[in-house]
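Student: This is the structure, below, for whatever I ask next.
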Amino acid sequence: MTGKEDMLIVSHREIAANIFELVLQGELTLQMTKPGQFVHVKVSETFVPLLRRPISIARISREDKTFTIIYRKSGEGTALLSKKKPGEKADVIGPLGNGFPIDSSLKGKKVLLTGGGIGVPPLYELSRQLKAIGAVPVHVLGFENIESSFYKEEFARLGDTYFSTTDGSLGVKGFVTDAISYHEIEFDRLYACGPTPMLKALETRYTEREVYLSLEERMGCGIGACFACVCHIPNDPAGYKKVCSDGPVFRAGEVVLSC
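Numbered according to full-length UniProt numbering, the sequence shown terminates at residue 259, and the numbering increases by one at each position without gaps.
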């Protein structure tokens, strides 16, 4: 069920270079259950910018009705959002989209979670829920450099955690695929979220494995009405799926990774 609420900002802080962690509190949290879903946040009280910002859910706490989002300040909208302070309210619609599938069959199984940049946050709640059902999460997280990295200790508390950075300042120099090869990581299932080139590389490398990919895509409405985020279906030029309402998580091969 999706709802809309003016939620209380509990805390808001910069946790890495231009990376912000925002904790919100409200009844809407009780509707958030599945990792990989996202919310749509109104960043201004005016009509500028017109569109809300889609941001993935990084942590859910039903006990105190709070949830956490982590976003990069990279444009007008997120710059406005970064100025909001604890005690203020934020207009939130959510939860939206279909998240990562998990079930009890993963108990005792080794599950690889791979994220790149701002694709890392939804993997944190996913790892928490995998750990809770008895799965064994292993994380490979890619960042541009150590200054842009975050949640290193948080992921490490949930399972083995490895890193790659473009400049080699943290972990293996290169991409997440380089880190997976370097550490010779084996797994039963793979979940990934990040830029399309990273998702393509993982999809190509593990064609025989069970792989789920969360797409990062520009969205308009966030509910499947504006068709701003469609992806084609393989071998069907007229077929498509909407990242916002059919995804953002898809089984590898379910959509063409070029949108």
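Backbone N, C-alpha and C fix where the C-beta goes; we use that ideal spot for every residue, glycine too.
Which residues mark the beginning and the end of the beta strand (DSSP E) in which V92 is found?
Tutor: K89 to L96 is the extent of the beta strand (DSSP E) around V92.
Student: Is the beta carbon of G194 sitting closer than 7 Å to the one on G253?
Tutor: no
Student: Is the beta carbon of Q37 closer than 7 Å to that of G3?
Tutor: no
Student: Let me know if R128 comes out buried or exposed under the rule of 16 or more other beta-carbons within 10 Å of its beta-carbon.
Tutor: buried
Student: DSSP three-state label for T114, please.
Tutor: It is a strand residue.
Student: As an exercise, report each continuous beta strand (DSSP E) stretch of at least 3 residues that is fully enclosed by the stretch 164 to 216, in chain order.
Tutor: 189 to 194 and 210 to 215
Student: The alpha helix (DSSP H) spanning L50 covers which residue range?
Tutor: Neither: L50 is in no alpha helix (DSSP H) and is coded neither H nor E.
Student: Excluding the five sequence neighbours on either side, which residues of its own chain have a C-beta within less than 6 Å of the C-beta of D160, listed in chain order?
Tutor: V138
Student: Assuming N145 contacts D167 (C-beta within less than 8 Å), just tell me the rounded distance between them.
Tutor: 5 Å
Student: Are the CB atoms of Y71 and F20 within a distance shorter than 7 Å?
Tutor: yes
Student: Please state whether DSSP places R72 in a helix, a strand or coil.
Tutor: Per DSSP, reduced to three states, the secondary structure at R72 is strand.
Student: Quick check on DSSP: helix, strand or coil for A228?
Tutor: coil
Student: Return the chain-ordered ranges of every alpha helix (DSSP H) run that is complete within the stretch 111 to 151 and spans a minimum of 4 residues.
Tutor: 121 to 132
Student: Could you check which residue in P234, G224 and A79 has the C-alpha nearest to that of N98?
Tutor: G224
Student: Leaving out five residues before and five after V211 in sequence, what residues of the same chain have Cβ atoms less than 6 Å from its Cβ?
Tutor: Excluding its 5 nearest sequence neighbours in each direction, V211 has C-beta neighbours in its own chain below 6 Å: L190 and A252, listed in chain order.
Student: From the DSSP output, read off the bridge partner residues of D6.
Tutor: In DSSP, D6 forms a bridge with D91.
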